[in-house]
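Asker:
Numbering (the UniProt record's numbering), first residue to last: 1 to 732.
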C-alpha cells in the first residue's frame, strides 16, 4: 500500500492551481510594486521597506517559476487539472512582460544595478523558454496575440535591462565624461613659430589662461516677483539643470571652475527654502536615474516610441482575444486571461500617465504653452513631498537609562537582528523644520562667502568644529576637543554628551546671565528695542553694524533647540548609519559601547536617585573631574563620558547665549564635515530609504563650491604667438 507524504487531495489542489495561482500572483505583485515602490523615497520605515523588498524579490521569482510550470504543463494529459495548451502558451509572454517590471522600480539597491549582465542573460533564457512553450503549442489559434504580447514583453524587459545598465556606476561615470579635447594645434603652432624664426622675426609664446570669475555675494533675489506656479516650474527646471551637472558627485566626478562658480552665483541668490526645494528636485532626479526607468524612457525619442508601441500592442491583443472564438476553454481560465490583459493595460496606462506628467517631462519640455497644463495635472496626481522630511534621533544617556532585558538582547544578537531591534526601540523621528534649514543654509552661505577660491574652500571643507570654536575662544581644552589630534567620532561623542548635560542643566542657572542679574524678560525687551533701532538705522550705518544686529537677534535662531536636534541626529548617523559615516567613523562602535558601559555603571550605583534624563545629567555634572580620566583609567577603555563632563563644565563658564550660539555652529560644522567626507554612493543609497538631511548638506556644500571635487586649475589655456608688431595668431 502506497504511503503519500502529501495527501492526494492537497496534491490535486496544487496541480489545479499552481499555474493559475502563479500567474495571478505575478500580476498582483506588479500592481503592488507600481503603486507602492515610489513611496521608498518618501518613507524609510522598516514595514514599507520589507513589503517592497519582498515584492521586488518575489516578482522575478514567481514569474520565472510560472514560465517553468507552463513549459512543464505542455502535453499534460490530465484533462481535469491542465490548462489548455493554447491558453498557457498565450500566458507565457505575459510573464516576460512582468519580468520587465514596473517603471517605478528597476533596482532595490545600488548593487542591483551592477547585475545588469545577469538580467540580460535572464532575458535570453526567458525568451528561449517562452519560444519553447510557443513551439510546443503550434498549431494554435492565438498565435498572433501571443506574438504581439511577446514583442511587448521583450520591449519591457529590454527597458529594464537598459535602465540597470545606465545606472551601474561604471556607465554612470562614463556618461559624465566630457567630449574629447585635443587642445591647441601644437604642430601648426610650432610650424608657424619656425617660419617666423626663419624670417628673423622676434617672436615669443604667450599662454593666456581664462580668468576665474568670482561668484557674487548673496542677495536672495532669485524667483522674486513670480507667481507660485511659475516659481514651482522654474525651480523644477533649475533643479534638473543642476542635476545634469552635480549627479557626478555620486561617482566622484571632478568639476570645472566654471561649474563651481555658476553654481555658487546661483545659490547665493536663493533663500534657504528655495535652495532646499531645488536640491529636493535634484535628489529626486538622482533617485529616478538610479532606481527607476525614468532616465531610460526620457533618454530620447526611441524611449517614447517603444513605450507607446508597448501600450498599443497590449490593446490590440485584447481586441484580438475578445473577438476570437474560445471553444472548450474553462470560464475561469478565460477570466484569468482577461485579468492579465486588462491588468497589463491598466499598469501600462498608469505608467504612461506618470510618464507624461512627470518631473522629467516638465524639465525637458520645449513647448512653453504646454508647461502650465502639464504641471497642473502633475501637481494634482503627485505627492508634494519628494523625501521623508524627517531626521532620526538617538540619545546616549536616554539609551543607557532605558530598562533592558538581557535575555532579549542575547536572543536578537544571536539571530543577527540586534541592529534592527535597537533602531526600532531606541530611535525617534523629528520633522526637519524650516528653522533648521534656514540655520544650516545661513551658516554655509557665510562659509561660502569666505571661500573665494578653491584653496580656501578646501580649508573650510576640512574644518570640523575648530573654526567655529576659534571664533569664540582660544581655550586649549575646548579647541582640543575638535582638534586634529582627536578623532571625529570622539569629538561627536564628547560634544553630544556635553550638549545633553548643558541642555538638562538647572533652568534657573541656565537662564541667568553670567555677567549680570537683570531680569530675563526685561533683558529680552531691551534686545528687541535695540534690534528695532539697529534695523531702522541699518541703511545708514556700516556693514559691521549689520553683523551686530544679526548676532543680537539670537532668540530667532533658538540655538539651544537646534543644538539638541543636531546632537542627537549626529549620534544616530555615527552609531546607526555606520555605512553612511564609514569614511569618518573611526572606532565609533567601540567608543560608543565603552561609553555606554561606563554610563550604565555610573547610573546603576545611583539607581535610587537617577530616574530620568535630567537627573542623570545633574549627577554626571556633579562628579569631580579635577584630574583627567585618562590619567586614572589609562587608555584601555575608549569611553569619553567624563571627558565630556569636563568639556561641559568648561563650556558653561561662557555667557549662556554665547555658549549655545557657539555650540550650534560647532554642530553644523561637524555635520558638514561628516556629510561631505562620505562617499557619494553612500548618499545615493539613502535616496531609496526616505533620504537624509546629511545628503542635503553634502549637496549644498558642493553647490557652494566647498569640497575637494573641484579643479584648482582655472580655464582653458590658449597659446599665442606674439611679434614686435603685436600681430598674433590664436589657435584652439
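From the three backbone atoms N, C-alpha and C, an ideal C-beta is built for every residue, glycine too.
Check each candidate in 253, 274, 258 and name the one with the smallest Cα separation from residue 237.
Answerer: As a working mapping, residue 237 is identified with position 237 in the chain shown. Comparing Cα-Cα distances from residue 237 to each of 253, 274, 258, the minimum goes to 274.
Asker: Would the beta-carbon of residue 640 fall within 7 angstroms of that of residue 490?
Answerer: Reading the chain shown from its first residue, position 640 is the one you call residue 640. Reading the chain shown from its first residue, position 490 is the one you call residue 490. Closer than 7 angstroms, so yes.
Asker: Are the beta-carbon atoms belonging to residue 648 and residue 400 less than 7 angstroms from one another?
Answerer: Along the chain shown, one-based indexing puts residue 648 at 648. Along the chain shown, one-based indexing puts residue 400 at 400. Contact: no.
Asker: Can you tell which of 437, 376, 632, 126 has its C-alpha closest to the C-alpha of residue 692?
Answerer: In the chain shown, the residue the question calls residue 692 occupies position 692. Among 437, 376, 632, 126, the Cα nearest to that of residue 692 belongs to 437.
Asker: Hey, quick one: how far does the alpha helix (DSSP H) through residue 393 stretch, first residue to last?
Answerer: Here residue 393 corresponds to residue number 393 of the chain shown, with the count starting at 1. Careful: residue 393 lies outside any alpha helix (DSSP H), inside the beta strand (DSSP E) at 390 to 393.
Asker: Can you tell me the Cα-Cα spacing of residue 472 and residue 465, whole angstroms?
Answerer: Here residue 472 corresponds to residue number 472 of the chain shown, with the count starting at 1. Here residue 465 corresponds to residue number 465 of the chain shown, with the count starting at 1. Between residue 472 and residue 465, the C-alpha separation is close to 11 angstroms.
Asker: Starting from the C-beta of residue 239, find all residues in its chain whose C-beta is less than 6 angstroms away, skip the five residues before and the five after it, and write them out in chain order.
Answerer: In the chain shown, the residue the question calls residue 239 occupies position 239. Closer than 6 angstroms at Cβ, skipping near neighbours: 278, 281, 282.
Asker: If I measure Cβ to Cβ from residue 20 and keep anything under 8 angstroms in the same chain, skipping five residues before and after, which residues do I get?
Answerer: As a working note, residue 20 is residue 20 in the chain shown. So the list reads 83, 332, 333, 336, once near-sequence residues are dropped.
Asker: From this set, 28, 144, 68, 670, which residue's C-alpha is nearest residue 101's C-alpha?
Answerer: For the purposes of this step, residue 101 is identified with residue 101 of the chain shown, where counting begins at 1. Ranking 28, 144, 68, 670 by Cα distance to residue 101 puts 28 first.
Asker: Three or more C-beta pairs under 8 angstroms: does that hold for the stretch 243 to 256 against the stretch 283 to 296?
Answerer: In short, these stretches touch, since the Cβ pair count reaches three.
Asker: So, does the stretch 608 to 616 touch the stretch 438 to 456, judging by three or more C-beta pairs under 8 angstroms?
Answerer: Counting Cβ pairs under 8 angstroms, fewer than three are found: no touch.
Asker: Pick out the complete alpha helix (DSSP H) segments inside the stretch 38 to 118, 4 residues or longer, and give them in chain order.
Answerer: Correct list: 46 to 73, 85 to 99, 110 to 113.
Asker: Would you call the stretch 360 to 375 and the stretch 671 to 681 touching, i.e. three or more CB-CB distances under 8 angstroms?
Answerer: No, the stretch 360 to 375 is not in contact with the stretch 671 to 681.
Asker: Give the single residue among 114, 25, 118, 498 whose Cα lies nearest to the Cα of residue 614.
Answerer: Working through the chain shown from its first residue, we reach residue 614 at position 614. Nearest option by C-alpha distance: 498.
Asker: Got a sec: is the Cβ-Cβ distance from residue 495 to anything in chain B below 7 angstroms?
Answerer: Checking the listed chains, one finds no chain B in this structure; it contains a single protein chain.
Asker: Is DSSP giving residue 430 helix, strand or coil here?
Answerer: Taking the chain shown and counting its residues from 1, the one referred to as residue 430 is at position 430. Residue 430 falls in the strand class under three-state DSSP.
Asker: For residue 425, is the classification buried or exposed, using 16 other Cβ atoms within 10 angstroms of its Cβ as the cut-off for buried?
Answerer: Mapped onto the chain shown, residue 425 falls at position 425. With fewer than 16 Cβ atoms within 10 Å of its Cβ, residue 425 is classed as exposed.
Asker: At which residue ranges does the stretch 350 to 416 contain complete beta strand (DSSP E) runs of 3 or more residues, listed in the order of the chain?
Answerer: Within the stretch 350 to 416, the complete beta strand (DSSP E) runs of at least 3 residues are 390 to 393.
Asker: Relative to the C-alpha of residue 589, which residue among 571, 357, 307, 566 is closest?
Answerer: Locating residue 589 in the chain shown gives position 589, counting from the first residue. Ranking 571, 357, 307, 566 by Cα distance to residue 589 puts 571 first.
Asker: Name, in chain order, the residues that DSSP records as bridge partners for residue 710.
Answerer: Working through the chain shown from its first residue, we reach residue 710 at position 710. According to DSSP, residue 710 bridges with 255.
Asker: Can you tell me whether DSSP reads residue 653 as helix, strand or coil?
Answerer: Here residue 653 corresponds to residue number 653 of the chain shown, with the count starting at 1. If DSSP states are grouped into helix, strand and coil, residue 653 belongs with coil.
Asker: Does residue 690 pass the burial test, meaning 16 or more other C-beta atoms within 10 Å, or should it be called exposed?
Answerer: On the chain shown, residue 690 is found 690 positions in, with the first residue counted as 1. Result: buried.
Asker: Within 10 angstroms of the Cβ of residue 324, are there 16 or more other Cβ atoms? Answer buried if so, exposed if not.
Answerer: In the chain shown, counting from the first residue as 1, residue 324 sits at position 324. Exposed, since its Cβ has fewer than 16 Cβ neighbours within 10 Å.
Asker: Indicate whether residue 360 and residue 294 have their beta-carbon atoms separated by less than 7 angstroms.
Answerer: Here residue 360 refers to the residue found at position 360 of the chain shown. Here residue 294 refers to the residue found at position 294 of the chain shown. Yes, Cβ-Cβ distance for residue 360 and residue 294 is below 7 angstroms.
Asker: Just grab the DSSP bridge partners of residue 584 for me.
Answerer: The count along the chain shown starts at 1 and reaches residue 584 at position 584. Answer by DSSP bridge pairing: none, since residue 584 is not bridged.
Asker: Please name the residue or residues paired with residue 723 in a DSSP beta bridge.
Answerer: As a working note, residue 723 is residue 723 in the chain shown. Partner(s): 203.
Asker: For a quick check, are the C-beta atoms of residue 650 and residue 477 less than 7 angstroms apart?
Answerer: The residue given as residue 650 occupies position 650 in the chain shown. The residue given as residue 477 occupies position 477 in the chain shown. Yes. Within cutoff.
Asker: Do you know offhand how far residue 576's Cα is from residue 395's?
Answerer: As a working note, residue 576 is residue 576 in the chain shown. As a working note, residue 395 is residue 395 in the chain shown. Going from the Cα of residue 576 to the Cα of residue 395 covers about 11 angstroms.
Asker: Residue 298: buried (16+ other C-beta within 10 angstroms of its C-beta) or exposed?
Answerer: The residue you call residue 298 lines up with position 298 of the chain shown. So residue 298 counts as buried.
Asker: Distance check for residue 638 and residue 591, CA to CA, integer angstroms please.
Answerer: If you number the chain shown from 1, residue 591 lands on position 591. If you number the chain shown from 1, residue 638 lands on position 638. Spanning the two alpha carbons is a distance of roughly 5 angstroms.
Asker: I'd like to know if the stretch 148 to 164 and the stretch 302 to 313 are in contact, where contact means that at least 3 CB-CB pairs between them fall below 8 angstroms.
Answerer: Yes: at least three Cβ pairs fall under 8 angstroms.
Asker: Using a Cβ-Cβ cutoff of less than 7 angstroms, which residues in the same chain neighbour residue 348 once the five nearest sequence positions on both sides are dropped?
Answerer: Translated into positions along the chain shown, residue 348 becomes position 348. Around residue 348: 310, 311, 314.
Asker: Helix, strand or coil for residue 317, going by three-state DSSP, please let me know.
Answerer: By 1-based counting over the chain shown, the position of residue 317 is 317. Three-state DSSP puts residue 317 in a helix.
Asker: Quick one: residues in its chain with C-beta nearer than 6 angstroms to the C-beta of residue 142, no 5 flanking neighbours on either side, listed in chain order?
Answerer: What you label residue 142 is simply residue 142 of the chain shown in a count that begins at 1. Closer than 6 angstroms at Cβ, skipping near neighbours: 86, 90.
Asker: Rounded to whole angstroms, what's the CA-CA distance from residue 270 to residue 439? Just pull it up for me.
Answerer: In the chain shown, counting from the first residue as 1, residue 270 sits at position 270. In the chain shown, counting from the first residue as 1, residue 439 sits at position 439. Each residue's Cα considered, the two are about 14 angstroms apart.
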